[in-house]
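First up is the structure itself, then whatever we jot down about it.
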Amino acid sequence: MDMSVLPIIILLPLVLGTTLVSWLKQFSRGVTALGAIGVSLSSLILLLTQAKAVFNGETIIQTWSWLPQLGIDLSFRLDALGLLFSLLITGIGTLIFIYAYYYLSPQNSLSKLYVLLMLFMAAMLGISLSNNLILLLTFWELTSISSFLLVGYWSNYEAAQRGSRMALTITGMGGLAMLGGFVLLAQITGTYQIDQILMMTEQIQSHHLFVPTLLLILLGAFTKSAQFPFHFWLPNAMAAPTPVSAYLHSATMVKAGIFLLARLLPIFAGAALYHNLVTFIGLFTLCMAAFFAIFKEDLKGLLAYSTISHLGLIMCLLGIGSPLAVAAAIFHIINHATFKAALFMIAGIIDHESGTRDLRKLSGLWQLLPFTATLTMITAASMAGVPLTNGFLSKEMFFTELVANLSGPVLLVSAIVATLAGIFAVAYSIRLVHGVFFDGPIGKDVPNKEAHEPPFGMRAPATLLAVLCILVGLMPALLVEHIVNSTTRASTQLSQFEGTHLAIWHGFNLPLLMSVIALLGGIIFYFSLAKGGKIREIDLDPHLGQFQGKLLFELFLKHLLQVSRKIKRKTENGSLQSYLVWIIAFTVFMVALPLFNQGLTTGTRELTHAPMIAIVLWLLLFSACWMMLWFHHERIKAVLISGAVGLVVTMMFVGLSAPDLAQTQITVDVVTTVLLLMSLSLLPQLTPYESSRSRRWRDAFIAIGGGIGIGWIAWLVMTRDHNSISWFFNQQSIPLGGGTNVVNVILVDFRGFDTFGEITVLGIAAIGTLCLMDGMRAHGTIMTQGLTYRFNPSPLMLRITASWILPIALVVSLYIFLRGHNLPGGGFIAGLITAMALIIQYIALGQDHTEQMLKAKSGRLYEIWIGVGLSIAGLTGLAAWFWGRPFLTSAHIYVNPPIIGEMHLASAALFDVGVYVTVVGAVMLMISVLGDSRHSGMSGPLPKE
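Have a look at this one:
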């Protein structure tokens with residue numbers, strides 16, 4: 001077997017699916033649907049090829065190193081538990097894609113829905129197949145984001161926007177809590193690898209961090225799976241299109257929390273806090289949501305609360321935690337996915353054909369939709385737990401495990417609550433069937449009284465699921481028993497578990513009595529409420545008052561917003577100086593805090609006399625800083641003096657034998673000076689003076705405090721011995737990095753990930769400059785009192801000199817680039833040298849002529865350079881995975897081409913190419929934007945002051 005099949009299963013919808021659907025939309029809706037269905041089926045088929053081996057006990061693990069020092073790897077795991085969930089995700093996903101084609105009107109974008117569903121499918125597959133907690137969390141958050149986009153699919157529908165924000169807020173906060181739990185779990189175990197964590201149960205439960213770890217992870221699971229008190233987001237997400245509700249909110253997303261607990265069950269099982277908390281929250285959610293479902297007037301609202309109830313049932317079983325209880329939970333996960341996905345599709349059919357899903361308006365649709373009514377009766381019977389359906393079997397197993405694992409008063413109360421929940425489930429299931437299809441003639445308020453059965457393609461997915469409800473109910477041992485037992489072993493990590501036998505009849509016992517009471521009680525309860533149409537008039541909201549999750553959530557957000565606005569009004573006054581005061585003062589305080597107990601005593605290191613060069617440089621630096629303080633109100637002088645400070649720092653690096661730092665400092669200094677001078681054209685030439693004496697004393701106090709703090713730190717560092725890690729880089733630079741320039745090897749190999757982040761930030765800064773300046777294009781410098789100096793027309797000597805400088809500078813930058821891995825240089829410095837040469841062309845020839853020469857109209861070329869540079873750097877890092885090495889690991893070889901002789905080649909050079917291209921693109925984009933005549937202009941006169 002190709003071990004890369006696991007990431008391919010995820011990448012098919014994530015990359016191929018989204019791309020293919022976006023491309024196929026130009027043809028037709030049918031072709032788009034076929035593409036989406038084909039991609040989903042491909043992932044399903046790949047999973048099925050592994051099903052036999054995995055359900056027989058095999059576990060497939062595939063790992064690519066990412067950040068092994070932090071324990072973060074691209075690690076995937078396919079066992080029976082992951083396979084079951086993945087099959088549900090892809091199998092039901094395929095049916096949803098078929099259904100969505102018929103459900104969505106041509107006026108709505110089918111490709112947009114498919115792309116978002118593909119994104120969500122990939123995220124859920126990632127959760128199911130992850131073997132690393134951080135990787136799982138990444139996919140977990142991707143489900144929240146994709147769900148947010150799917151629920152808010154109808155952007156002009158206020159309820160959809162409100163529901164999507166609520167879902168994202170609740171599940172996002174739960175994800176944040178779960179991140180804390182994962183970090184604590186890694187602190188306990190020393191790893192994020194799930195397969196290793198599952199073998200450390202005793203170590204985890206005996207640790208003092210176990211309780212907070214458990215509570216934080218449970219918060220993530222409860223919010224995602226809509227358990228009390230976080231249940232209210234799910235009904236409010238029903239504003240999504242029905243295919244979304246059928247997929248996300250019944251079969252997949254809401255079961256992510258269930259999956260997480262099933263996956264981590266071995267490390268929680270045996271802990272009393274876990275069993276008590278999960279069991280009773282699940283049991284309460286089961287009963288509470290079932291009761292509320294009875295009185296919901298919206299079909300999807302009823303189904304949403306029933307979903308919450310069934311999720312509570314599964315959660316309760318996982319809380320009990322015995323092998324047979326886990327088997328019952330696994331079985332009900334399968335059953336619930338089949339009947340609930342079908343019921344949501346049926347709700348969509350009813351809405352699609354009749355024009356409403358309001359139960360107060362619907363009645364008598366049996367005459368118009370007999371086939372749909374039959375499907376509804378089958379799936380609703382399964383939801384209610386009627387014998388000969390799959391729902392009955394898993395409900396019986398739930399009652400059995402509840403009775404077997406509890407005792408005393410707890411058993412009595414739990415049995416009563418579970419039986420009540422069963423009564424309510426029967427009641428809302430009957431209401432779904434009776435209220436829509438019977439209960440009198442066709443309702444007078446039904447918008448479309450000539451409704452008819454939908455196309456076969458729209459009925460087919462629900463029909464298939466309804467058939468499965470009956471077949472599994474009649475032949476459970478033949479169809480799903482092996483799957484349930486294999487998945488239970490994978491979840492509990494108990495290979496010796498003999499398994500459970502799924503049968504229709506287990507004799508007369510207490511669980512059967514509870515089922516009979518639930519069935520008869522539900523029938524009596526519903527028809528007593530429905531007598532005279534009373535159930536249509538009952539509204540629980542006034543009785544609940546402010547104790548509704550939705551209202552409490554909105555009240556919380558309201559107060560949060562009010563407090564935020566008060567803080568904003570106090571802190572955001574539009575003064576940059578005020579912001580800097582807070583930032584610098586806080587930074588100085590936080591840095592100084594740990595220094596108070598250090599003292600100013602000399603450390604163990606022997607002090608030496610300062611050499612003359614250090615004294616000279618110190619005096620120059622002191623003079624430059626004093627001049628900066630004296631002239632800081634005159635902006636152009638301040639910029640030039642800051643350049644002088646940078647020059648002194650460069651000389652200091654040269655004196656300390658740090659040529660790489662010296663080259664970087666001088667090139668950065670030149671480029672930033674040019675950028676600052678160009679920015680001054682948008683500002684007055686003078687900085688306003690301080691408004692009061694107290695403000696001057698405040699600024700002086702902060703500046704002196706910051707200076708003393710830096711000096712204090714420098715004194716402590718330089719007078720005390722410390723363990724340096726420089727020996728490692730000196731020893732490993734050649735064998736591991738293939739270069740003698742230790743600084744460059746650190747940048748492109750040992751700390752290549754940091755460098756990749758830095759050039760990404762540089763690209764973002766350049767794009768940010770473009771976005772910020774875009775709003776000023778309409779006015780340019782006419783609205784400012786900037787500099788009156790411009791370099792157009794430029795002196796002839798400057799233009800002639802510039803024409804020679806460019807090729808020479810390019811050769812020099814190439815030389816600096818090529819020598820960088822073994823001698824001072826590298827892509828960053830070479831990029832800045834190239835940028836300086838191009839800046840000179842801007843000054844000499846003018847921006848229009850230079851960009852015409854470079855074919856860089858409006859800076860578009862520079863944006864492309866940034867993207868290309870980042871892509872080269874990123875792909876170089878990804879290439880290491882094909883050899884099973886961590887991200888950005890370098891490879892180096894020696895070659896002997898003719899004439900040239902022996903050459904040393906390193907893959908880090910490609911990464912450095914990406915750095916070079918990104919630096920040139922980012923610097924030139926900022927120069928282009930700041931120099932654009934529509935902003936500030938490097939050409940053309942300014943108005944007189």
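According to the UniProt record's numbering, the sequence shown is numbered sequentially starting from 1. Think of the CB as a built atom: it goes at the ideal place given N, C-alpha and C, for glycine as much as any other residue. Quantities reported herein were computed from a predicted structural model and do not represent experimental measurements.
Would you tell me roughly how many angstroms separate the C-alpha atoms of residue i and residue j, rounded to the nearest one?
i	j	result
S733	A239	58 Å
A186	F631	53 Å
S111	G152	15 Å
I314	S43	27 Å
H207	L184	10 Å
G643	I746	28 Å
S65	V920	31 Å
N792	V923	Annotation note: pLDDT 48 at N792 (below 50); position unreliable, no value reported.
L241	G646	Correcting the residue identity first, residue 241 is Pro in this sequence and not Leu. Rounded to the nearest angstrom, the two C-alpha atoms are 59 Å apart.
S486	R77	15 Å
S726	S890	20 Å
V326	L317	6 Å
G940	G35	Its pLDDT being 39, under 50, G940 is placed unreliably in this model, and the coordinates cannot settle the point.
G401	T379	Just to set this straight, residue 401 is Glu in the shown sequence, not Gly. Roughly 24 Å between the two C-alpha positions.
residue 953	G521	The requested residue 953 is not part of the displayed model; the chain covers only 1 to 945.
L787	A638	Only weak support exists for where L787 lies, its pLDDT of 40 falling under 50; the coordinates are left without a value.
A33	A530	42 Å
M926	E851	13 Å
H892	L176	41 Å
L823	A167	55 Å
K550	N156	21 Å
M628	M590	27 Å
P409	I416	11 Å
E481	V563	55 Å
M121	Y114	10 Å
Over the uninterrupted beta strand (DSSP E) stretch that includes residue i, give me the two end residues.
i	result
S75	I72 to L78
Q62	I60 to L67
Y894	H892 to V895
When the distance is taken between beta carbons, is residue j closer than 8 Å to residue i?
i	j	result
M383	L343	yes
A873	V812	no
I98	L46	no
A427	Y526	yes
I346	F259	no
L297	D358	It should be pointed out that residue 297 corresponds to Glu in this sequence rather than to Leu. Going by C-beta atoms, E297 is nearer than 8 Å to D358.
L324	T492	no
E453	R459	yes
L218	L277	yes
D912	V670	no
I96	A304	no
R819	G827	no
T138	G181	no
I636	A624	no
From what residue to what residue does the alpha helix (DSSP H) around residue i run?
i	result
G522	L510 to A530
E202	T201 to Q205
D445	Premise fails: D445 is in no alpha helix (DSSP H) and is neither H nor E.
K25	Per DSSP, K25 belongs to no alpha helix (DSSP H) and is neither H nor E.
H336	P323 to S354
D195	I194 to I197
F828	G827 to L845
S382	P370 to A384
Report yes or no: is there a C-beta of chain C within less than 8 Å of the C-beta of residue i?
i	result
F556	Note that chain C does not occur in the displayed structure, where there is just one protein chain.
Comparing the CB of residue i with every heavy atom of the ligand SAH, is any distance shorter than 7 Å?
i	result
W582	With respect to the ligand SAH, the structure shown offers nothing to examine, as it has no ligands at all.
Cβ pair count under 8 Å reaching 3, the region 394–412 against the region 440–451: no
Hey, is the region 188–201 in contact with the region 264–283, meaning 3+ C-beta pairs nearer than 8 Å? yes
What ranges does the alpha helix (DSSP H) occupy inside the UniProt domain "MrpA C-terminal/MbhD" (623–685), keeping only unbroken runs of at least 4 residues that lie completely in it? 635–655 and 659–679
Just checking, does the region 693–713 make contact with the region 652–667 on the three C-beta pairs under 8 Å criterion? no
Could you name each continuous alpha helix (DSSP H) segment of 4 residues or more that falls completely within the region 258–326, going from the start of the chain to the end? 272–294 and 299–320
In chain order, which continuous runs of the alpha helix (DSSP H) of length 4 or greater are located wholly inside the UniProt domain "MrpA C-terminal/MbhE" (695–777)? 726–737, 742–745 and 752–774
Ignoring anything shorter than 4 residues, give me the alpha helix (DSSP H) runs that lie fully in the region 420–489, in order along the chain. 456–474 and 476–479
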